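Under the UniProt record's numbering, think of the first position of the sequence shown as 1, with each following residue one higher. C-beta: ideal position from N, C-alpha, C; glycine also. Keep in mind the model is a prediction, meaning the values are calculated, not measured.
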Amino acid sequence: MLGPYVIMIQKIIFGDLTKFMWLSLIVLLDSQLLCGVGLIDLPVDHTIYTPPIVHVLHCSVSVVSYILLLNLLIAMMSDTHWRVAQERDELWRTQVVATTLMLERRLPRCLWPRLGVCGQSYGLTERWYLRVEDRNDPHAAENAALHKSFPRGEGRKREK
C-alpha cells in the first residue's frame, strides 16, 4: 500500500522543503550580507593584513548554520512522518474517495451504471432499491427486538 508514503512525500516536498528553502535563502542572504558589509566602504585597502582566524570563523559559522538548518529539516520531516503515520488509513481512504469522485465527475451521466432494482416490478413505488441477501446474523435476536420496539405503519402514513 503506497498511499501513505505518497501522501508523506507530497507533504514533505510541498510543506517542509518549501519552508526549508525559504529559510535557507534567508540565511544565505544574511551570511552574504554580513560578508559584504566590509566591501561597502570602497576602495578597500588590500595591504591591510587580515588574520586567518577571520576566514576560519566565517567558514565555521557558515558550516554550523547549515548543519543546524539540516537538523531542522530532519526534525520537520520526522514530525511530518509521525503525523502521517497517525492518520495513515484516514488519509489514504480520503485520497481514494477524492480520486473516485473526480473520476465519476468526468464520466458522462449517461454512462453511469444504474444500481439496484426498480420497485415497480415488485409493486412498490417508482424508486430504485438495493437488494439485500439474507444471511446468518449473530445479532438477529437483538435486531428483531429493536424492530418490534418501533411502531409499524408510522413511516408509511407520513409518505402518503
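Quick one: Cα of residue i to Cα of residue j, how far?
i: Trp128; j: Leu107; result: 21 Å
i: Tyr66; j: Val27; result: 8 Å
i: Thr94; j: Ala145; result: 36 Å
i: Leu115; j: Asp137; result: 25 Å
i: His55; j: Asp45; result: 17 Å
i: Leu23; j: Leu130; result: 56 Å
i: Val132; j: Glu126; result: 18 Å
i: Arg88; j: Ile9; result: 13 Å
i: Leu25; j: Leu33; result: 12 Å
i: Thr50; j: Ser60; result: 17 Å
Can you tell me whether DSSP reads residue i as helix, strand or coil?
i: Val117; result: strand
i: Tyr129; result: strand
i: Thr47; result: coil
i: Asp137; result: coil
i: Gly15; result: helix
i: Leu42; result: Caution applies to Leu42, whose pLDDT of 49 falls short of 50 and renders its modelled position unreliable; the model cannot decide the point.
i: Leu124; result: coil
i: Pro4; result: helix
i: Leu111; result: helix
i: Gln10; result: helix
Spatial neighbours of residue i within its chain, please: C-beta separation below 7 Å, excluding the five flanking residues on both sides.
i: Leu91; result: Pro4, Ile7 and Val84
Nearest CA to the CA of residue i: which residue from the options?
i: Arg14; options: Ser149, Leu73 and Leu130; result: One detail in the question is off: residue 14 reads as Phe in this sequence, not Arg. For the residues Ser149, Leu73 and Leu130, the minimum Cα distance to Phe14 belongs to Leu73.
i: Leu29; options: Ala98, Ser121 and Ser62; result: Ser62
i: Ser78; options: Lys148, Phe150, Ile12 and Ser149; result: Ile12
Note down, in chain order, each residue of its chain lying with its Cβ closer than 8 Å to the Cβ of residue i, except the 5 sequence neighbours on either side.
i: Phe20; result: Leu69, Leu72, Leu73 and Met76
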